[in-house]
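Numbering (the working numbering), first residue to last: 213 to 484.
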């Protein structure tokens, strides 16, 4: 496994929606964090949109990444053909091998045949640029529908960015999601979660924990992906929630969480 840092590991330090820190982390800061963690890849997701950076910035990111021995990947949220085209172009500047696209509820309303028709020319462009498009299973895009889409496009430069926990929101238990999507997986998002009963017996909540301390079937997941190339990037994330103690408290927890997650991932990788 080629372990990498996902920008969502620093959700609160980067800022999201109405929660913006006084000094947000930049795309360049993530390179320093990944190097300090001893990781090999940085994947910029939609919480750090690289189309807001200039072409010169993109070239500079690549140069610095090369100096640090890091490989770069990038991605966007929800399918927009023009935006995917922009990200393929940015990916060329970063020498990325993966462009991740997360499909969600809005995309599920588009007929599979129509989405496949729009994807085909983007996959062709990605192939010409030396990249693959990895569709991430997100909160409200059912995995059976994703399989239907993958089969409709039928191209080995379109695969899955498999997230071990996202599809719980789509009414799928992880073992179901992973079994369905493992054959198409070309990129992995690794995180962990716990399920905590409400103290008054009113249901329960699913919340993030550092890797190796929760219920995610990590070892079983990796067994299902044994067919994947040994150098497939495995991107580390976590679901550290914003609690009542506020943004600064959440930011203060992010670094310890990603350090613990990285250490656990390295231990797991050593045994494989």
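Using N, Cα and C, we set each Cβ at its ideal position, and we do this for glycine too.
Exposure of residue i, with buried meaning 16 or more beta-carbon neighbours within 10 Å
i: residue 379; result: buried
i: residue 278; result: exposed
i: residue 412; result: exposed
i: residue 347; result: buried
i: residue 431; result: exposed
i: residue 416; result: exposed
i: residue 372; result: buried
i: residue 457; result: exposed
i: residue 408; result: exposed
i: residue 344; result: buried
i: residue 403; result: buried
i: residue 453; result: exposed
i: residue 294; result: exposed
i: residue 323; result: exposed
i: residue 470; result: buried
i: residue 460; result: exposed
i: residue 383; result: exposed
i: residue 369; result: buried
Coarse secondary structure for residue i, derived from DSSP in three states
i: residue 291; result: coil
i: residue 285; result: strand
i: residue 228; result: strand
i: residue 473; result: helix
i: residue 411; result: coil
i: residue 314; result: strand
i: residue 309; result: coil
i: residue 235; result: coil
i: residue 484; result: coil
i: residue 479; result: helix
i: residue 384; result: coil
i: residue 424; result: coil
Rounded distance between the beta-carbons of residue j and residue i, thought under 8 Å
i: residue 466; j: residue 256; result: Not confirmed; about 16 Å, so no contact.
i: residue 428; j: residue 405; result: 6 Å
i: residue 392; j: residue 359; result: 6 Å
i: residue 290; j: residue 267; result: With 8 Å as the limit, residue 290 and residue 267 do not qualify as a contact, their Cβ atoms being about 24 Å apart.
Per DSSP, cross-strand counterpart(s) of residue i
i: residue 214; result: 445
i: residue 417; result: 408
i: residue 256; result: 286
i: residue 397; result: 372
i: residue 402; result: 448
Problem set entry | Start-end ranges of the beta strand (DSSP E) lying completely within the segment 328-368, minimum 3 residues | 344-349
Problem set entry | Entirely enclosed alpha helix (DSSP H) segments - the segment 429-460, minimum 4 residues | 430-436
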